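Chains as they are written, first to last, in the working numbering: chain A, 1 to 363; chain B, 364 to 507.
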C-alpha cells in the first residue's frame, strides 16, 4: 500500500488539476455568454434580410415568363453529382464530444453520398476539422492559367479543377472561427456561390452544431444550396442531445451562472420581423429583379455566418460541460484519496500502538 | 419603444449591421445613398424599399443629432414614421483607414484588368472600386 506522503502528493496534484478545470469552466462560461450575445445581436439583420427577400419573392416572378427559366441561378436544382460539404468544428479540443460528434455526423453524410456515387468536396472550418480531413483526403488540384491579351493590358485568369479522387478537400478555413468576421464569411460565401453558378458543384451542405440554448442543441446537416424555401432551414439529418447530456449541460450551466433558457425575443427582434412587411405598397427604388439578384448571395452569407456563431456558442457550452464534469471527477478522486490516506495513516498509528503494547507486555 | 403612431414629426431611425444594431434613435431627416443616387427621407415619406450603394448615411436633428455613417451595400425601408437601414458595412468616417481604402482601390484596378470580357467580374471590379472611392471620400470628408 502507498504511504501517506505519496498519497498526500497525489491529492495535492489532483487539487491543482481541479483548480485548473474549474477556472477553465468559468472562462468557457464567460465566453459562452459572449458568444450567445453575439448570436442574438446578429439575429435582426438575418431576419430583416430574409424578410426583404420574401417580400420580393411575393412581388416578382421567380420564372421568366417568356423562357420559363428560373430567375436566379441559386434557385436552380440540378442532379447532385458534385456535393460541397462545409464541416464546422472547433478550434480547440477539451470540449467533450463536440468535435467528434460533428465528425461522426459528417462521416455519415459522406458515406451516404458516396454510396449514391456522388463526388464530394469538403471544406473544413476550424482547426480540429482541418486536421482531421487533411490527413484523410487529398487537397483539390487547380490548374492556374494566365493569358495576356489586348497588347498585354488585360489578363485572363482561369482556374481549372482536376478531380482525381471522389472525395477531396476543396479548401480549408483555419482563421474563420477566430473572430468570425462577417467580411471573411462573405468571401467564403462568394466563392461558394461562384462555384455553384458555374456548375462546379450541384449542392451545398453545412454540418454544424446548432445552438438554441445550453440544453437545446443538435448536430445538423443543413442544405444551403439550392435554396428551396426562403427563411426556413432545410435540415437533412440531425443528432439530438441525449437526456443525460442535457442534464450534465444543465448542471454545468447552473453552477456557472449561465441561463439554460433560450434568450427571449427583444423588442428589436420583433421590429426586425416587421421589416419590409408593412401592409403598404412600397415604392421600389430599383427593379425587384435586380434587388433579388443582389440579395441572394447575401442570404447565403448570413446563413453561414449564423451557423458559425451558433457553432462557436455550442463549442464553449460543450467545453463548459466537459470541464464541469472534470471538476466533479477531480473532487470525487480527492475524496477517495483522502479516505485512503486517512486509513493508511490510522493503520500506521494502530500498528505502532500494537508494537508498543506488545513490547510492554513482553517485559 | 418607438411609438409607431407618433406625431412628433420625428423619424425612428435604426441602423442594423450583420453584427449588431448600431443605432436606434430619432431624427428629423435622413440622407441615404441609394443605388440610384442620394435620397432624403423626412417624416411622412411614402413607403419605399431601396438598395443602398456605397456612401454616407447622414442623420439630422432628433436624438441622433448630426451623425454620419459610411455604409457599403445595404437596404433601406422607409415608412412614414420609421427608417430602417440594413447595412453590410457601417463605419464612422473617422474609423476608415485611408491607407486600406487605397489598397482596395488598387486591388479593384487589378480586378478590372483581370476581368477581361467577363461581364460579371467587370461589375464586381467596378463595385469594389466604387466602395473604395467612396470610403476615401468619406474619410476625407469630401463625400457628395
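Beta carbons: idealized from backbone N, C-alpha and C, even for Gly. Everything numeric in this text was worked out from a predicted model, so none of it was measured.
Scanning 452/B, 489/B and 421/B for the CA closest to the CA of residue 298/A turns up 452/B. The three-state secondary structure of residue 349/A, taken from DSSP, is helix.
Within chain A, the residues placing a beta-carbon under 7 Å from that of residue 438/B are 52, ordered along the chain.
Assigned with DSSP and collapsed to three states, residue 78/A falls in coil, not helix or strand. Beyond the five residues adjoining it in sequence on each side, residue 301/A comes within less than 7 Å, by CB distance, of 185, 186 and 189 in the same chain, given in chain order. Taking residue 7/A as the centre and dropping the five residues before and after it, the same chain places the C-beta of 337, 340, 341 and 344 closer than 7 Å to its C-beta, in chain order.
Rounded to whole angstroms, the Cβ separation of residue 334/A and residue 20/A is 14 Å, and the two are not in contact under 8 Å. Taken in chain order, the members of the segment 410-421 of chain B whose beta-carbon sits within less than 9 Å of a beta-carbon on chain A are 410, 411, 412, 413 and 414. Restricted to the segment 1-41 of chain A, the alpha helix (DSSP H) segments that are unbroken, complete and at least 4 residues in length are 4-41, listed in chain order. For residue 280/A, the residues of chain B that pass the 8 Å Cβ criterion are 410 and 442, in the order they occur in the chain. DSSP lists no beta-bridge partner residue for residue 323/A.
If only uninterrupted beta strand (DSSP E) runs of at least 3 residues are considered, those enclosed by the segment 229-266 of chain A are 234-240. Between the beta-carbon of residue 49/A and that of residue 412/B there is about 13 Å, and that puts the pair past the 8 Å contact cut. Contact between the segment 198-214 of chain A and the segment 307-325 of chain A is established, with three or more Cβ pairs separated by less than 8 Å. The beta carbons of residue 130/A and residue 174/A sit about 6 Å from each other, so the pair counts as a contact at 8 Å. Taking a cut-off of 8 Å on C-beta distances, the segment 371-383 of chain B touches the segment 425-439 of chain B, as three or more cross pairs fall below it. According to DSSP, residue pairing for residue 144/A in a beta bridge involves 159/A. Sorting 237/A, 177/A and 42/A by C-alpha distance to the C-alpha of residue 105/A places 237/A at the top. Using a CB distance cut-off of 8 Å, residue 241/A does not count as an interface residue toward chain B. For residue 49/A, the nearest CB of chain B lies under 8 Å from its own CB, placing it at the interface with that chain. Its chain contains 302 and 306 as the residues whose beta carbon lies nearer than 6 Å to that of residue 46/A, once the 5 sequence neighbours on both sides are disregarded; these appear in chain order. In the pairwise beta carbon analysis, the segment 259-268 of chain A is classified as not touching the segment 13-28 of chain A: fewer than three pairs are separated by under 8 Å. Counting along the chain, the unbroken alpha helix (DSSP H) around residue 186/A starts and ends at 182-197. When DSSP states are grouped into helix, strand and coil, residue 124/A belongs to the strand group.
Any Cβ of chain A closer than 8 Å to the Cβ of residue 399/B would place that residue at the interface, and such an atom is present. None of the residues of the segment 94-128 of chain A has a beta carbon lying less than 8 Å from any beta carbon of chain B.
In this structure residue 230/A does not touch residue 196/A by the C-beta definition: roughly 16 Å separates them, more than the 8 Å allowed.
Counting along the chain, the unbroken beta strand (DSSP E) around residue 433/B starts and ends at 430-442.
Taken in chain order, the unbroken stretches of alpha helix (DSSP H) that lie wholly in the segment 455-484 of chain B and span 4 residues or more are 461-478. Of the other Cβ atoms in all chains shown, fewer than 16 fall within 10 Å of the Cβ of residue 259/A; this residue is therefore exposed. For residue 227/A, the three-state secondary structure derived from DSSP is coil. Using a Cβ-Cβ cut-off of 9 Å, residue 268/A is close to 377, 379, 384 and 387 of chain B, given in chain order. Counted as a single uninterrupted DSSP element, the alpha helix (DSSP H) harbouring residue 54/A occupies residues 43-59.
Scanning chain B for C-beta atoms nearer than 7 Å to the C-beta of residue 45/A yields 379, 380, 381 and 449, reported in chain order. Residue 399/B carries a coil assignment under DSSP once its states are collapsed to helix, strand and coil. When 7 Å is used as the limit between beta carbons, residue 208/A is near no residue of chain B, the shortest such separation being about 18 Å.
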